[in-house]
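*Asks:*
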Amino acid sequence: MRIISVANQKGGCGKTTVAVNMAAALSRLGSKTLLIDMDPQAHATYAMGYTERSSERRTSYDIFRSHFDNIQFPTEELVINDRELLHFIPANMMLSAAEINLGGMNGAAAILSNTLKDPFFDQYEYVIIDSPPSFGFLTLNAMYSADTIIVPMDLSYFSFNGINSLYRVTGLLEEETGRRPGVFFVLNIYDQRTRFARQLETDAKNKLGPYLLETRIRGSVRIKEAAKNGKTIFEYDPKCSSALDFYNMTSELLTAEKIRHDILMKEFMLHAPKAGKVYVLGDFNGWEKTEANRLNKLENGTWSAHFNLKRGKYRYKFLVDDNWTYDPENPKREQNIFGTVDSVIEF
Ligand SMILES: Nc1ncnc2c1ncn2[C@@H]1O[C@H](COP(=O)(O)OP(=O)(O)OP(=O)(O)O)[C@@H](O)[C@H]1O
Ligand SMILES: [Mg+2]
968 MRIISVANQK GGCGKTTVAV NMAAALSRLG SKTLLIDMDP QAHATYAMGY TERSSERRTS
1028 YDIFRSHFDN IQFPTEELVI NDRELLHFIP ANMMLSAAEI NLGGMNGAAA ILSNTLKDPF
1088 FDQYEYVIID SPPSFGFLTL NAMYSADTII VPMDLSYFSF NGINSLYRVT GLLEEETGRR
1148 PGVFFVLNIY DQRTRFARQL ETDAKNKLGP YLLETRIRGS VRIKEAAKNG KTIFEYDPKC
1208 SSALDFYNMT SELLTAEKIR HDILMKEFML HAPKAGKVYV LGDFNGWEKT EANRLNKLEN
1268 GTWSAHFNLK RGKYRYKFLV DDNWTYDPEN PKREQNIFGT VDSVIEF
């Protein structure tokens, strides 16, 4: 069983759309797949064609409820199985109560992960989890369970801050669990005709390297129509370009993790409490002062950014409010052709 969670704290970037249609693509490829709605907004539940009737059936809330209500029920009651290879655990707004009741509890982030260890779930080749637009308790449960995290990015409101927080959370998860899920990014609602989109895509490529999937999900009214009709794109219009996008994205993801082991995530940090803006520029990002290369300020006055880099040797510098500085924490430096000094990393 492989667990893939779809996460991004930014609302409306396409998490639900990607979760539903990736799960549908996997089932089309012949894999028995379980989709779990982990968002109290229950958008995946509607997109799969179910309405919210909390009292009538079990929902993902029951996964958490059993931890404080002391209820017992057969695990299979969670699952709707009216599609042959695409089973589903719905949500409703009660799910937000889980956060209130369990948020502070020790081990609360591992509840979903522990539930999925039940032998009942062994029948599924893939489990896809849709999560809400925050890094709260529910998203943490989704990320804690995940072997892989997919981050859809909506280019029109592109935010690199979200990416850094996501890496931070995966770093914390690694400290706790000893394993770090693979994180892949996919551009959604992509329109390559605009210069803005192309520039942001270049930024994203610089920053994310091979973890940015090459397949882009184009903007399409068919996607909206399918969701409105409670159908996956493959049920609604299997021949449309969006079905092709989701099919391509899914098959790219399935092969991606196997070939990307020579890439490491590197964190660049600079302590500069008084600075207004800090960039890291280097061989790995074309020395370009763009939004993708800007560091985020942490609470203690340290600035930080993460980059996925291929093994190799790179020169870099920080640009602090338009003043160049080498990395004071990194003793490895080399003279450059301008007669000043660059910091150097090699790994
Ligand atoms: N590629 C696309 N083309 C056209 N419409 C899209 C596309 N992707 C998503 N949408 C539409 O954009 C809206 C937001 O998408 P979606 O619900 O998947 O985002 P989300 O990240 O799950 O939102 P939330 O953060 O609220 O959970 C929906 O109406 C959806 O149908
Ligand atoms: Mg959603």
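Numbering of the sequence shown is given in the numbering used here, commencing with residue 968 and proceeding in unit increments. Quick reminder that beta carbons are idealized off the backbone N, C-alpha and C, glycines included. As the structure is a computational prediction, the values presented were derived from the model and not from experiment.
Cβ of lysine 977 versus every heavy atom of ligand 2: is any distance shorter than 6 Å?
*Replies:* By one-based count along the sequence shown, residue 977 stands at place 10. Checking the Cβ of lysine 977 against ligand 2 gives no.
*Asks:* Short check: CB of arginine 1185 to CB of tyrosine 1157, under 7 Å?
*Replies:* Stepping through the sequence shown from its first residue, residue 1185 is reached at position 218. Stepping through the sequence shown from its first residue, residue 1157 is reached at position 190. Contact flag set, yes.
*Asks:* Could you pull out every residue in the same chain whose Cβ sits closer than 8 Å to the Cβ of threonine 1115, ignoring the five residues on either side in sequence?
*Replies:* For the purposes of this step, residue 1115 is identified with residue 148 of the sequence shown, where counting begins at 1. Once the five neighbours on either side are set aside, the close Cβ partners of threonine 1115 are Arg969, Ile970, Ile971, Ser972, Pro1148, Gly1149, Val1150, Phe1151, Leu1220 and Glu1224.
*Asks:* Return the chain-ordered list of same chain residues with a C-beta closer than 8 Å to the C-beta of proline 1007, the five sequence neighbours on each side being excluded.
*Replies:* Indexing the sequence shown from 1 puts residue 1007 at position 40. Same-chain partners within the cutoff: Ala1058, Asn1059, Met1060, Met1061, Leu1062, Ser1063, Pro1099 and Leu1105.
*Asks:* Of the residues Lys999, Ile1030 and Asn1048, which one's Cα is nearest the Cα of phenylalanine 1040?
*Replies:* Here the question's residue 1040 lines up with position 73 in the sequence shown. It is Ile1030 whose Cα lies nearest to the Cα of phenylalanine 1040.
*Asks:* Give me the Cβ distance between threonine 1257 and methionine 1216, rounded to the nearest whole Å; I'm assuming they're in contact under 8 Å.
*Replies:* For the purposes of this step, residue 1257 is identified with residue 290 of the sequence shown, where counting begins at 1. For the purposes of this step, residue 1216 is identified with residue 249 of the sequence shown, where counting begins at 1. That pair is no contact at about 25 Å.
*Asks:* Assuming arginine 1165 is part of the alpha helix (DSSP H), what are its boundary residues?
*Replies:* Position 198 of the sequence shown holds residue 1165. Counting along the chain, the alpha helix (DSSP H) containing arginine 1165 begins and ends at 1162-1175.
*Asks:* Alpha helix (DSSP H) containing tyrosine 1017: first to last residue?
*Replies:* Walking along the sequence shown from the start, residue 1017 turns up at place 50. Element bounds for tyrosine 1017: n/a, residue is neither H nor E.
*Asks:* What does the Cβ neighbour count give for proline 1119, buried or exposed, with the cut at 16 atoms within 10 Å?
*Replies:* Here residue 1119 is taken as the residue at index 152 of the sequence shown, counted from 1. Buried, by the Cβ-count rule.
*Asks:* Kindly examine ligand 2 and report whether one of its heavy atoms sits closer than 6 Å to the Cβ of histidine 1273.
*Replies:* On the sequence shown, residue 1273 is found 306 positions in, with the first residue counted as 1. Every heavy atom of ligand 2 is 6 Å or more from the Cβ of histidine 1273, so no.
*Asks:* Is the distance from the Cβ of aspartate 1085 to the Cβ of threonine 1144 below 7 Å?
*Replies:* The residue labelled residue 1085 in the question sits at position 118 within the sequence shown. The residue labelled residue 1144 in the question sits at position 177 within the sequence shown. Cβ distance not < 7 Å, so aspartate 1085 and threonine 1144 don't count as in contact.
*Asks:* If I follow the unbroken beta strand (DSSP E) through glutamate 1313, where does it start and stop?
*Replies:* Position 346 of the sequence shown, counted from the first residue, corresponds to residue 1313. Run containing glutamate 1313: 1308-1313, per the beta strand (DSSP E) assignment.
*Asks:* Less than 7 Å between the beta carbons of leucine 1002 and phenylalanine 1088, yes or no?
*Replies:* If you number the sequence shown from 1, residue 1002 lands on position 35. If you number the sequence shown from 1, residue 1088 lands on position 121. Contact flag unset, no.
*Asks:* Would you identify the three-state DSSP class for glutamate 1092, choosing helix, strand or coil?
*Replies:* Counting from 1 along the sequence shown, the entry for residue 1092 is found at position 125. Here glutamate 1092 sits in coil by DSSP.
*Asks:* Express the C-alpha separation of tyrosine 1283 and alanine 1292 in angstroms, rounding to a whole number.
*Replies:* Taking the sequence shown and counting its residues from 1, the one referred to as residue 1292 is at position 325. Taking the sequence shown and counting its residues from 1, the one referred to as residue 1283 is at position 316. The question names alanine, but residue 1292 in the sequence shown is threonine. Cα to Cα, the separation comes out at about 9 Å.
*Asks:* Look at the alpha carbon of alanine 1259 and the alpha carbon of isoleucine 1304, and state the distance between them as a whole number of angstroms.
*Replies:* What you label residue 1259 is simply residue 292 of the sequence shown in a count that begins at 1. What you label residue 1304 is simply residue 337 of the sequence shown in a count that begins at 1. For alanine 1259 and isoleucine 1304, the distance between alpha carbons rounds to 26 Å.
*Asks:* For ligand 2, enumerate in chain order all residues having a CB closer than 5 Å to any of its heavy atoms.
*Replies:* Those satisfying the condition are, in chain order, Lys982, Thr983 and His1010.
*Asks:* Unbroken beta strand (DSSP E) runs of length 3 or more, entirely within the region 988-1067: which are they?
*Replies:* Runs of the beta strand (DSSP E) inside the region 988-1067: 1000-1004 and 1053-1056.
*Asks:* For glutamine 1302, count the other beta carbons within 10 Å of its own beta carbon; 16 or more makes it buried, fewer makes it exposed. Which is it?
*Replies:* Locating residue 1302 in the sequence shown gives position 335, where the first residue counts as 1. Looking at its Cβ environment, which holds fewer than 16 other Cβ atoms inside 10 Å, glutamine 1302 is exposed.
*Asks:* Please go through the same chain and pick out, in chain order, the residues whose beta-carbon is closer than 6 Å to the beta-carbon of aspartate 1250, but skip the five residues on each side of it.
*Replies:* What you label residue 1250 is simply residue 283 of the sequence shown in a count that begins at 1. If we look at aspartate 1250 and ignore the five residues flanking it on each side, its Cβ neighbours are Tyr1281 and Arg1282.
*Asks:* Using C-beta distances below 6 Å, list every residue in its chain close to alanine 1193, excluding the 5 sequence neighbours before and after it, in chain order.
*Replies:* Your numbering for residue 1193 matches position 226 in the sequence shown. Only Ile1200 and Tyr1203 meet the Cβ criterion.
*Asks:* Indicate, with yes or no, if ligand 1 has a heavy atom lying under 6 Å from the CB of asparagine 1155.
*Replies:* Indexing the sequence shown from 1 puts residue 1155 at position 188. Result yes, Cβ under 6 Å from ligand 1.
*Asks:* Would alanine 1272 and phenylalanine 1235 qualify as a contact pair, given that the criterion is a beta-carbon distance under 7 Å?
*Replies:* Here residue 1272 refers to the residue found at position 305 of the sequence shown. Here residue 1235 refers to the residue found at position 268 of the sequence shown. In this structure, phenylalanine 1235 lies closer than 7 Å to alanine 1272 by Cβ.
*Asks:* Hey, would you say the C-beta of serine 1187 is under 6 Å away from at least one heavy atom of ligand 1?
*Replies:* For the purposes of this step, residue 1187 is taken as residue 220 along the sequence shown, with counting starting at 1. Yes - ligand 1 has a heavy atom lying nearer than 6 Å to the Cβ of serine 1187.
*Asks:* For alanine 1194, is the beta carbon positioned less than 6 Å from some heavy atom of ligand 1?
*Replies:* Taking the sequence shown and counting its residues from 1, the one referred to as residue 1194 is at position 227. Alanine 1194: yes, Cβ under 6 Å from ligand 1.
*Asks:* Between asparagine 1173 and phenylalanine 1035, what straight-line distance do the alpha-carbon atoms span, to the nearest angstrom?
*Replies:* Reading the sequence shown from its first residue, position 206 is the one you call residue 1173. Reading the sequence shown from its first residue, position 68 is the one you call residue 1035. Using only the alpha carbons, I get a separation of about 46 Å.
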